Amino acid sequence: MDIVIIGLLLGGTYALMAIGLQLQFGVARIMNLANGEILIAGAFGAFWLYAGTKASPLLALLFVVPLAFALNWAIYRVLILPLVRRAKSQGKLEVDCILATFGLSFVFIGIMVAVFGAQYTDYAYLSEPIFIFGERYGLNRVVAFLASAVICAALYLWLHKTRTGLALRAVSVNPSAAGLVSINVARASALAFALGGAVTAAGGVLLSMYLTFDASYGVVFTLKALIIVILGGVGDIRGTIVAAFILGLAETAVATLIDPGLTLAAAYILFMVVLLVRPEGLFGRRTA
Amino acid sequence: MSASEKLPAADAGLAITAGERRVFVVCVILFVAAGFVPLVFGGYVLQVMVSIVMYAAFATSWLLFSGPTNYIALSTAAFFGIGMYVTAGGIDLLPYPALIIISGVAGAAVAAVVGLATLRVSGVYFVIFTLGLAELIRQFMTWGQHVFGTMSGLYVTTDRSEPMYYWQLLLLTAVIYLVGWWIGRSRLGFALRIIGNDEVVAVHCGINTARAKLVLFIISSTFASIIGAVVAPRWGYVEPGVAFNPYLSFQVVIMALLGGTHRLWGPLLGVIPFVLLWELISIEFPSQTTLLLGVCFLLIVYVIPNGFTGLVENALQRRGGAGDAPSVAQRMFDPLRHLLQRGKDRNA
Chain A
1 MDIVIIGLLL GGTYALMAIG LQLQFGVARI MNLANGEILI AGAFGAFWLY
51 AGTKASPLLA LLFVVPLAFA LNWAIYRVLI LPLVRRAKSQ GKLEVDCILA
101 TFGLSFVFIG IMVAVFGAQY TDYAYLSEPI FIFGERYGLN RVVAFLASAV
151 ICAALYLWLH KTRTGLALRA VSVNPSAAGL VSINVARASA LAFALGGAVT
201 AAGGVLLSMY LTFDASYGVV FTLKALIIVI LGGVGDIRGT IVAAFILGLA
251 ETAVATLIDP GLTLAAAYIL FMVVLLVRPE GLFGRRTA
Chain B
289 MSASEKLPAA DAGLAITAGE RRVFVVCVIL FVAAGFVPLV FGGYVLQVMV
339 SIVMYAAFAT SWLLFSGPTN YIALSTAAFF GIGMYVTAGG IDLLPYPALI
389 IISGVAGAAV AAVVGLATLR VSGVYFVIFT LGLAELIRQF MTWGQHVFGT
439 MSGLYVTTDR SEPMYYWQLL LLTAVIYLVG WWIGRSRLGF ALRIIGNDEV
489 VAVHCGINTA RAKLVLFIIS STFASIIGAV VAPRWGYVEP GVAFNPYLSF
539 QVVIMALLGG THRLWGPLLG VIPFVLLWEL ISIEFPSQTT LLLGVCFLLI
589 VYVIPNGFTG LVENALQRRG GAGDAPSVAQ RMFDPLRHLL QRGKDRNA
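Note that the protein sequences, when read in sequence, are chains A and B.
All residue numbers for the first sequence refer to this note's numbering, where the first residue is 1 and numbers rise by one.
All residue numbers for the second sequence refer to this note's numbering, where the first residue is 289 and numbers rise by one.
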């Protein structure tokens, strides 16, 4: 029971960061390996605000999210767009993007180490117990889960009920066909990329409420987010949410029953099984 | 198209020309000359030379797979660590040459499993998987040592000296070059270049793309494991954090890309300046290495996308291409490339 509830709480927050990557990879078609660093930057933002003013990390969302949106918009315009323009094929673009965002992630790590230092960071916000079915859990985990659920729901509604959301989903299905029905694909991609970064940073703020992190920890989250996106199926938000819960449960189970050092190994075995059994993911469309 | 059945025409095209024989002789002379370095230099210079030869071996073996296919493999550290651990674990039990063979076999086995799972699907998944492979194996090793033993590291003590490592690595590099040269003129290498250009076309040509990629990935990874086995005693103490340090993978990729991935000798042009630059950086700015590594990545992508060999070749072409006769591979490949281009134009 313990495992299930902690796993679900963890999965709820994972869902947020994975949706961020999903928007970047599924809609904008950019494999952003600096995604985890954006998440850690969000976490540092929350930490900085809490250490300075004791303000709730939920308030940090108010400035972290717009900042991350602007930063990712700029990254897309300045760094990614020239690569998209010069790429001769999708394969070449993928390689370029992977290398460029890799470089970017190292630059981010370097900057964060210089500003915040390389030590492990955490802060105690709402670290009081809450009782669910007679067992105690950290209140901060529950609050983070609820906040994540609210943001996910808002995103889901926005994607499915508004015109812009529809345009984004159309680009995700087929960029060239979306262009034919007078969707500005370049704009939609930039928007998706920036929004994805903002959502990921929000995930970082929420994760920082109960996880210990350091400047170089981002790559682990990049990997987890990628595994969730692939497990759920590229281009499908429902799949991402389900996969996030699966990963949260699997990690918690392995950490509790076997060894806490094996969480990434658990994620990887899940990844391998998906690649062998169903490479298009749980909800993915099978392509030719 | 299977590798075993050879067409006579292909054999005729692959005959070794006088020019190639000259290149071969020059290479042998260069290698022998490089072999005299430890007799002349010692101390710090020799240490740097060992690094250069080690990274040249890494980057060239990386290139064997990732060069023609454009699949960025980030698994060097994982296979390096496997080789190190095999050697560290067995140094007191088995003779050293046996350990090198076991390291190679272990690396090949892991590469086969990883390749079978990831190389059938899109290249992005392969990159992601290899990115975490070192961390995955590190977690398993740490856990295994935690469960089955008490110590977190292993001591490797031999009486080998710096020149020995240098010669071993130099020999290994020569072997990698020979294998790379042989692959480059084999049907397998030809198949890989087509895959790198356009995987769909490769499939339509009747190439078993998954198998070709798998074979090359295994060869490339085996070499990385053997390098690990060769240099394990140089570290003296092997523990998971050192053996599976992911930075190694990134450095190898940077060096190979900096040199250029279109020529077998490309990585060497990247390795030499990068190792020297990195020595300087880690002495002058030890706390900014990550930042500078990132800057190097960005510079390579945006400023020199084809590496130093690309720059050299462009310069040669602009001068009229004097003395730049197309190689056998190019001569073989050109008609096909035109064919592919025509097909693509028609599709577009």
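All residues carry an ideal CB built from backbone N, CA and C; glycine is no exception.
Computed from a prediction, not measured in an experiment: that's the story for all the values here.
Item to complete: Go ahead and label G516 of chain B buried or exposed: buried means 16 or more other beta carbons lie within 10 angstroms of its beta carbon, across all protein chains shown.
Response: Label assigned to G516 of chain B: buried.
Worksheet item: Who pairs with Y120 of chain A in a beta bridge, going by DSSP?
Response: BP columns for Y120 of chain A are empty, so no partner.
Worksheet item: Counting contacts by CB-CB distance shorter than 8 Å, is F221 of chain A in contact with chain B?
Response: For F221 of chain A, the closest Cβ of chain B is not nearer than 8 Å.
Worksheet item: So, does the CB of M272 of chain A fall closer than 8 Å to a CB anywhere in chain B?
Response: yes
Item to complete: Identify the continuous beta strand (DSSP E) that holds F131 of chain A and give its terminal residues.
Response: Taken as a continuous stretch (DSSP letters only), the beta strand (DSSP E) holding F131 of chain A covers 129 to 132.
Worksheet item: Which whole-angstrom value is the C-beta distance of G395 of chain B and G371 of chain B, which I expect to be below 8 Å?
Response: 6 Å
Discussion item. Could you check whether the Cβ of G197 of chain A sits closer than 8 Å to any Cβ belonging to chain B?
Written reply: no
Fill in: Proximity to G203 of chain A [Cα-Cα], best of A:N184, A:M31, A:K224
A:K224
Fill in: Cross-strand partners of R136 of chain A (DSSP beta bridge)
Paired residues: A:F131.
Discussion item. Counting only Cβ pairs nearer than 9 Å, list the residues of chain A close to G432 of chain B.
Written reply: Residues of chain A passing the Cβ test: none, with the nearest at roughly 10 Å.
Fill in: Bounding residues of the alpha helix (DSSP H) (the contiguous stretch that carries M372 of chain B)
364 to 378
Worksheet entry | Assigned secondary structure, F213 of chain A (DSSP; H/G/I helix, E/B strand, else coil) | strand
Worksheet item: At which residue ranges does the segment 70 to 104 of chain A contain complete beta strand (DSSP E) runs of 3 or more residues, listed in the order of the chain?
Response: The qualifying runs do not exist here; there are none.
Worksheet item: Nearest-angstrom Cα distance between S410 of chain B and G233 of chain A?
Response: 14 Å
Worksheet entry | Own chain, CB closer than 8 Å to Y343 of chain B, minus 5 neighbours either side, in chain order | Q539, V540, M543, V559, F562, V563
Item to complete: Report the option in B:V444, B:W469, B:V463, B:N602 whose CA atom is closest to the CA atom of L381 of chain B.
Response: B:V444
Discussion item. If you reduce the DSSP assignment to three classes, tell me which class Y413 of chain B lands in.
Written reply: Residue state, collapsed to three classes: helix.
Fill in: Whole-angstrom C-beta distance between F69 of chain A and A198 of chain A, which should lie under 8 Å
Confirmed, Cβ separation roughly 4 Å.
Fill in: Beta bridge counterpart(s) of Y443 of chain B as assigned by DSSP
B:Y525
Worksheet entry | Given 8 Å, three or more beta-carbon pairs between the segment 209 to 222 of chain A and the segment 119 to 129 of chain A | yes
Item to complete: Output the residue ranges of the alpha helix (DSSP H) runs that lie fully inside the segment 529 to 607 of chain B and measure 4 residues or longer, sorted by chain position.
Response: 535 to 547, 554 to 572, 577 to 590, 595 to 606
Discussion item. Taking CB distances under 8 Å as the criterion, tell me whether V412 of chain B reaches chain A.
Written reply: Answer yes: the Cβ-Cβ gap between V412 of chain B and chain A drops below 8 Å somewhere.
Practice prompt. Starting from G261 of chain A, find everything on chain B with Cβ-Cβ shorter than 7 Å and list it in chain order.
Written response: Q427, T430, W431
Worksheet item: From L83 of chain A to A400 of chain B, what distance separates their C-alpha atoms?
Response: 33 Å
Discussion item. List, from N- to C-terminal side, the alpha helix (DSSP H) runs of 4 residues or more that fit wholly inside the segment 4 to 78 of chain A.
Written reply: 35 to 53, 57 to 75
Worksheet item: Mapping DSSP to helix, strand and coil, what is L275 of chain A?
Response: helix
Practice prompt. Determine the closest residue to V530 of chain B out of B:W566, B:P326, B:T430, with distance taken between C-alpha atoms.
Written response: Here the closest residue by C-alpha is B:T430.
Item to complete: Quick one: give me the first and last residue of the alpha helix (DSSP H) that T222 of chain A is part of.
Response: Run containing T222 of chain A: 218 to 232, per the alpha helix (DSSP H) assignment.
Discussion item. So with CB distances below 7 Å, who are the chain A contacts of G420 of chain B?
Written reply: L223, L264, Y268
Practice prompt. Please report the Cβ distance between L159 of chain A and I237 of chain A, rounded to the nearest whole angstrom; I am assuming they are in contact, meaning their Cβ atoms lie under 8 Å.
Written response: 7 Å
Item to complete: Under the assumption that L458 of chain B contacts A322 of chain B (Cβ atoms under 8 Å), give the Cβ distance between them as a whole number of angstroms.
Response: 6 Å
Practice prompt. Measure the C-alpha to C-alpha separation of A290 of chain A and I80 of chain A and round it to an integer number of angstroms.
Written response: Examination of residue 290 of chain A is not possible in this model, given that chain A is present from 1 through 288 alone.
Item to complete: Run down chain A in chain order and give the residues with a C-beta less than 7 Å from the C-beta of Q576 of chain B.
Response: Within 7 Å Cβ-Cβ: G110.
Worksheet item: Are the Cβ atoms of N72 of chain A and A194 of chain A separated by less than 8 Å?
Response: Cβ atoms of N72 of chain A and A194 of chain A: closer than 8 Å.
Worksheet item: Among residues of its own chain, excluding the 5 on either side of A253 of chain A, which ones have a beta-carbon nearer than 6 Å to its beta-carbon?
Response: I3
Discussion item. So, for A124 of chain A: in the same chain, excluding its five sequence neighbours on each side, which residues have a beta-carbon less than 8 Å away from its beta-carbon?
Written reply: none
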